[in-house]
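Residue numbering for the sequence shown is 139 to 363, as defined by the working numbering.
Input: a single structure, listed below in structure tokens.
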Amino acid sequence: MKGDLFSSEHMAQPPVAAGMTIENAKCVRYTVNGEMLARQGAMIAYRGNLQFERKGQGMGGMLKRAVTGEGLPLMAVRGQGEAWFAHEAQNCFIVDVEPGDEFTVNGRNVLCFDATLSYRIATVKGAGMTGGGLFNSVFSGHGKLALVCEGTPLVIPVSAHYPVYVDTDAIVGWTAGLQTSLHRSQSIGSMLRGGSGEAVQLLLQGEGYVVVRPSEATPQKAGQH
């Protein structure tokens with residue numbers, strides 16, 4: 139076959155090592171040799187001897203999503219082979235978590251991750267807000283974490299002298315060492331949304347980085363993720 143479709147730009151490349159790599163901007167390839175974890179429904183293709191098992195619906199089997207508090211079901215992938223993961227053609231990125239690191243991430247942005255990573259559910263401090271609290275997953279250990287994001291994410295440094303305010307619908311995640319609290323601003327809500335209600339931002343203070351997506355999901359859209 140000939141044509142642009144069959145060029146190297148679109149062709150899956152041979153595996154070089156076990157673990158995850160970016161196949162292209164919208165897709166992650168994971169060469170499985172043992173076990174890994176992914177969000178249910180994210181596998182778009184695979185080859186080899188792989189088994190897919192739905193994780194239980196307990197706290198260990200789902201990641202919490204911000205604002206709605208709903209769960210993101212997970213699946214375990216076991217065996218030897220290759221699997222490709224994607225979610226609604228969103229952009230894909232890989233985070234390397236080193237020993238001693240912690241990365242807090244919104245569950246809706248999780249695509250897949252190494253089984254060597256540990257995760258726990260955390261409630262953002264002071265997030266007793268309308269529509270439920272802010273629930274996030276805190277990853278630690280040693281391994282790779284693949285994220286999806288609508289558009290290209292913005293990574294903003296946070297320092298003791300320059301705290302950052304982030305729209306709660308736009309937050310993707312943040313690094314360890316940052317303290318969080320909620321900040322309400324009626325003036326911003328009135329100016330940007332044309333309404334009289336309060337706008338709520340997540341205030342991050344300390345030393346680290348916060349990741350923001352260039353999109354605000356409405357409650358209806360967030361419920362589809």
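Even for Gly, the Cβ is constructed at its ideal location relative to N, Cα and C.
- Task: Decide if residue 187 is buried, meaning its Cβ has at least 16 other Cβ atoms within 10 Å, or exposed.
- Result: exposed
- Query: Would a C-beta distance cut-off of 8 Å place residue 278 and residue 240 closer than the cut-off?
  - Reply: yes
- Task: Specify, as a first and last residue, the run of the beta strand (DSSP E) that residue 293 falls within.
- Result: 292 to 296
- Task: Give the secondary structure of residue 315 by DSSP, where H, G and I count as helix, E and B as strand, and everything else as coil.
- Result: coil
- Closest Cα partner of residue 162 within the set 225, 185, 295: 225
- Give the DSSP-derived three-state secondary structure of residue 244 in the structure shown. coil
- What residue ranges within the region 211 to 243 form continuous alpha helix (DSSP H) runs of no fewer than 4 residues, ordered along the chain? none
- Task: Have a look at residue 210 and residue 293 and give me their C-alpha separation to the nearest angstrom.
- Result: 24 Å
- Under a Cβ-count criterion, where at least 16 other Cβ atoms within 10 Å of its own Cβ denotes burial, should residue 158 be classed as buried or exposed? buried
- Message: Using only CA atoms, which one of 251, 222, 281, 303 lies nearest to residue 237?
- Response: 281
- Query: Within 10 angstroms of its Cβ, does residue 252 collect 16 or more other Cβ (buried), or is it exposed?
  - Reply: buried
- For the beta strand (DSSP E) containing residue 256, list its first residue and its last residue. 255 to 261
- Inter-residue Cα distance where the pair is residue 155 and residue 212: 24 Å
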